[in-house]
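Data first, discussion second: the structure below is written as structure tokens.
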Amino acid sequence: MATLLQRLRWTASLFTALMIHADWSHLVGNLLFLLIFGMPSERALGGLRFLALFVVVGVLANLVGVVALENPRAAVVGCSGAVSGLIGAYLALFPRSKLGFVVPLGVVLEFVRTPASVMIGIWALLQIGFTLIGPGLGAVAWAAHIGGFLLGLLWGVLSRPAVARRLRRGMV
């Protein structure tokens, strides 16, 4: 019975870890990406599918992070894996979309729109690179980011028929 309770507690911690962040910059960074990729994804998927994506992918991404750290006592905190899943789902749902951002050109700020696939591709390459470099970049579960992204990408591809139905019904 004690072993079962330990397993349940450990499994529940993969979920509760989504709500805890290492510091304010960790939280604010996740919230920024959640805002950019979460709002259009939630509109397309609907509230329940969006919530399921966030929680299921987040828990599985945290599990990937724990396994990759190879330390059973390692703590993985934050929703970065879940947010990475939203980035993957966004890419699957909006493959031709563009993202806007501000580029400083000397004393002038220029607003630039670029294909989301390019920006997300650069982000994904950075995640892979950081994973390969490993612990030298601090206590970040980079593998959770990659796992979350791939799971979110799959979730987005599998959700396309449901999104198409929502579009036909005028729910988006």
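In terms of our numbering, the sequence shown is residues 81 to 252.
Ideal Cβ positions, reconstructed from N, Cα and C, are used throughout, including at glycine.
Going straight from the alpha carbon of residue i to that of residue j, what length do you get?
i, j, result
"L173", "E122", "11 Å"
"V156", "Q86", "17 Å"
"G236", "G168", "7 Å"
"T91", "M251", "35 Å"
"F134", "V243", "16 Å"
"V136", "V187", "44 Å"
"A97", "A154", "12 Å"
"F210", "I226", "10 Å"
"P120", "Y170", "8 Å"
"N110", "T83", "34 Å"
"C159", "V144", "13 Å"
"I100", "V108", "12 Å"
"S239", "L94", "24 Å"
"L140", "V146", "10 Å"
"A221", "M199", "21 Å"
"L189", "R246", "38 Å"
"G138", "L114", "13 Å"
"N142", "L233", "16 Å"
"A124", "R89", "34 Å"
"R176", "S197", "7 Å"
"G126", "L231", "18 Å"
"I202", "P241", "28 Å"
Here's the rule I'm using: 16 or more other beta-carbon atoms within 10 Å means buried, otherwise exposed. How should residue i be labelled?
i, result
"I116", "buried"
"S105", "exposed"
"L73", "There is no way to answer for residue 73, as the model of the chain reaches only from 81 to 252."
"L253", "Because the chain here runs from 81 to 252, residue 253 falls outside it and cannot be looked at."
"N151", "exposed"
Give the C-beta separation of residue i and residue j to the nearest angstrom, bearing in mind that I take them to be a contact with Cβ-Cβ under 8 Å.
i, j, result
"A224", "G161", "4 Å"
In chain order, what residues of the same chain have a beta carbon less than 7 Å from the beta carbon of residue i, not counting five sequence neighbours either side?
i, result
"R248", "none"
"L128", "none"
Taking the alpha carbon of residue i as the point to measure from, which residue in the options has its own alpha carbon closest?
i, options, result
"A148", "S105, M251 and L212", "L212"
"P195", "A124, L231 and K178", "K178"
Starting from the C-beta of residue i, find all residues in its chain whose C-beta is less than 8 Å away, skip the five residues before and the five after it, and write them out in chain order.
i, result
"F229", "S164, G165, I167, G168, A204 and Q207"
"A132", "none"
"V192", "G180, F181, V182 and V183"
"F130", "G118, S121 and E122"
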